[in-house]
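Have a look at the structure below, then the notes.
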Amino acid sequence: MAIQFKIIDHVALIVLDAQQSNNALSVSDLMHLRKTLGACQDDEQVRVIVLTGAGERAFCCGAGLKESLRPASGFVAGTLKSRETEAEEGGYTRLFDLSDLDIWKPIIAAVNGACLGGGLELALQCDLRIAAASATFGLPEVREASIPAAGGVQLLLRAIPAAHAMKIALTGEPVSAQQALSIGLIIDLLPQERLLSAALNLAERIAANGPLAVQSIKRLALQTAHLPPRDFAIQAHFHWGLLRDSEDLAEGRTAHVEQRPPKYTGT
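What follows is the structure, encoded as structure tokens:
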């Protein structure tokens, strides 16, 4: 099974485990990953998700070679079908786009090795990225006369300064973990042996906060960042109002007065 999954307290750990192919994912792997992420969103026990790769060589190197071959059906016909149906007919690329899943729980990418192509597109859809010193990042599609199909260029432009994003996309050349840190693609650089524990520690610190507030912050960040100040302030006030009467807000204020850690329930 290429998608390993377990819950540790309030943190879901998802491990991409196809080490024989540098964690390149098949269509069935991608469908399993999407199903697992959707289940995490619906599971009230889960408050934060950590995504990593098995082994030390790769986080994810996109799709497996079999999936990269030209599909039997035409592009237009596939695009007008659901992602799953198109994938079954050979068009796998939309499965790397997670935006339709509406995952509002924070996702932390613990990048343990090569993070290339669709793998980088997955990492860019995570909210926080940390990496081992051996990690590399790149969008090599242009070298094979193609482009990132799941929004990789646009996601990269939102994550780092435009000049760096365009250099990575136009040359197809990978950057090191140290370079990724210097341009803001990752927030922390760690020895391989400390990577997962650091990701879980960060996840636990986030999970200790009000879970509804955490999801609201992510939703606001993704859905309103493009709006003018008047409009995003309205949306912020709306979400604040939704949380105002929650049991968690009352618990948070009571815990602050009593000088104790809050016990949030997500209600």
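Just so we're on the same page, our numbering is the position in the sequence shown counted from 1, plus 1422. Just so it is clear, CB atoms sit at the ideal spot from N, CA and C, and this is done for glycine as well. Small disclaimer: the values here were computed from a predicted structure and weren't measured.
- Do the CB positions of Pro1528 and Ile1436 come within less than 8 Å of each other? Their beta carbons are not under 8 Å apart, which means Pro1528 does not touch Ile1436 by this criterion.
- Item | Burial state of Glu1543, where buried means 16 or more other Cβ atoms lie within 10 Å | Result: buried.
- Query: Which of helix, strand or coil does DSSP assign to Ile1628?
  - Reply: In this structure, Ile1628 counts as helix in the three-state DSSP scheme.
- Item | Cα-Cα separation, Arg1616 to Ala1554 | Looking at the two C-alpha atoms, the distance is approximately 8 Å.
- Query: Thinking C-alpha only, which one of Glu1673, Ala1635, Pro1683, Leu1438 is nearest Ala1658?
  - Reply: Restricting attention to Glu1673, Ala1635, Pro1683, Leu1438, the CA atom closest to the CA of Ala1658 is found in Ala1635.
- Item | Three-state secondary structure (DSSP) of Asp1465 | Looking at Asp1465 - three-state DSSP - the assignment turns out to be coil, as it is neither helix nor strand.
- With DSSP run on the structure shown, which of helix, strand or coil describes Gly1486? Assigned with DSSP and collapsed to three states, Gly1486 falls in coil, not helix or strand.
- Task: May I have the straight-line CA-CA distance separating Gly1460 from Ser1556, to the nearest angstrom?
- Result: One C-alpha to the other measures close to 30 Å.
- Proximal residues to Val1468 (C-beta, below 8 Å), its chain only, five neighbours per side dropped: For Val1468, where only same-chain residues beyond five positions count, the Cβ hits under 8 Å are Ile1429, His1432, Val1433, Ala1434, Cys1462, Lys1527.
- Beta-carbon proximity of Leu1523 to Leu1452, cut-off 8 Å: The answer is no: Cβ separation not under 8 Å.
- Taking C-alpha atoms, which residue in Ala1672, Gly1535, Gly1674, Phe1660 lies nearest to Leu1611? Looking at Ala1672, Gly1535, Gly1674, Phe1660, the one whose alpha-carbon comes closest to that of Leu1611 is Gly1535.
- Message: Short of 6 Å in beta carbon distance, which residues of its chain neighbour Ala1691, apart from the five on each side in sequence? Order them along the chain.
- Response: Summary: the structure shown does not reach residue 1691, with the chain confined to residues 1423 through 1689, and so no result is reported for it.
- Task: For Gln1600, count neighbouring Cβ atoms within 10 angstroms of its own Cβ and tell me buried if that reaches 16, exposed if not.
- Result: Around the Cβ of Gln1600, a 10 Å sphere holds fewer than 16 other Cβ atoms; the residue is exposed.
- Message: I'd like the ranges of any alpha helix (DSSP H) spanning at least 4 consecutive residues and lying wholly in the region 1621-1679.
- Response: Complete alpha helix (DSSP H) runs here, min 4: 1633-1646, 1651-1666.
- Query: Can you give the beta carbon distance from Thr1558 to Pro1596, rounded, assuming they're within the 8 Å contact cut?
  - Reply: Between Thr1558 and Pro1596 a beta carbon distance of about 4 Å is seen, short of the 8 Å cut, so the two are scored as contacting.
- Does DSSP put Ser1556 in a helix, in a strand, or in coil? It is coil, neither helix nor strand.
- Query: From Gln1681 to Ala1602, what does the alpha carbon distance come to, in whole angstroms?
  - Reply: Going from the Cα of Gln1681 to the Cα of Ala1602 covers about 40 Å.
- Around the Cβ of Thr1474, are there at least 16 other Cβ atoms within 10 angstroms (buried) or fewer (exposed)? That one is buried.
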